[in-house]
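Undergrad: Sharing a structure here in structure tokens format.
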Amino acid sequence: MKKDLRAYDRRIPLGNVYAALGRKYERVGKLIDLSLGGLAFEYITGVNSSLESSQINIFKVGEVFNLHNLPCRIVYDIPLPPVRDGIEALKRSRNRRCGVIFDNLLEESYVNLTLFLESHTKNDLNL
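In terms of this note's numbering, the sequence shown opens at residue 1466 and continues consecutively.
Okay, structure coming up:
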């Protein structure tokens, strides 16, 4: 098995955790994994906008403790294979996966991210 070369261990979110990229929430989707270095999320799009660097918000449905305006830079934004089963409209949609790296986090944001990781994620031993 190949060792992950990331500087920080990825963690899996617990519950319904979402990411919203951009000042106007240009891309919003379900969080896949999260670390002190960055995150990945999947979203549905109709238009492929060209965001390069931005900010991201992380929020958990039904929770008060959320993370806002974390500076970040997009590392990748790739298409996912079409959905085969399920709702017909989702089969026709274009799903994408986006990965971002956090960029110059303020100390307060770093502390809040650490608390979020401790309380709203779990280790993924399969990575």
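The beta-carbon is built from N, C-alpha and C at its ideal position, and this holds for glycine as well.
Cβ of I1509 within 8 Å of Cβ of V1540?
TA: Taking the first residue of the sequence shown as 1, we reach residue 1509 at position 44. Taking the first residue of the sequence shown as 1, we reach residue 1540 at position 75. No, the pair does not count as a contact, with Cβ atoms beyond the cut-off.
Undergrad: With DSSP run on the structure shown, which of helix, strand or coil describes Y1508?
TA: Position 43 of the sequence shown holds residue 1508. Looking at Y1508 - three-state DSSP - the assignment turns out to be strand.
Undergrad: Exposed or buried, G1480, counting other C-beta atoms within 10 Å across all chains shown (16 or more means buried)?
TA: As a position in the sequence shown, residue 1480 is number 15, starting the count at 1. With fewer than 16 Cβ atoms within 10 Å of its Cβ, G1480 is classed as exposed.
Undergrad: Ends of the beta strand (DSSP E) at N1560?
TA: As a working note, residue 1560 is residue 95 in the sequence shown. Taken as a continuous stretch (DSSP letters only), the beta strand (DSSP E) holding N1560 covers 1559 to 1567.
Undergrad: With DSSP as the reference, label F1530 as helix, strand or coil.
TA: The residue labelled residue 1530 in the question sits at position 65 within the sequence shown. Coil at F1530, not helix or strand.
Undergrad: With distances taken Cα to Cα, identify the nearest neighbour of F1506 among D1474, N1577, L1545.
TA: Numbered from its first residue, the sequence shown carries residue 1506 at position 41. F1506 has its Cα closest to that of L1545, out of D1474, N1577, L1545.
Undergrad: Bridge partners of K1525, per DSSP?
TA: Start at 1 with the first residue of the sequence shown, and residue 1525 comes out as number 60. BP columns for K1525 point to V1482.
Undergrad: For the alpha helix (DSSP H) containing L1578, name the first residue and the last one.
TA: Residue numbering aside, residue 1578 sits at position 113 when the sequence shown is read from its first letter. Segment 1572 to 1585, the alpha helix (DSSP H) holding L1578.
Undergrad: Decide if T1579 is buried, meaning its Cβ has at least 16 other Cβ atoms within 10 Å, or exposed.
TA: The residue you call residue 1579 lines up with position 114 of the sequence shown. Its Cβ having fewer than 16 others within 10 Å, T1579 is exposed.
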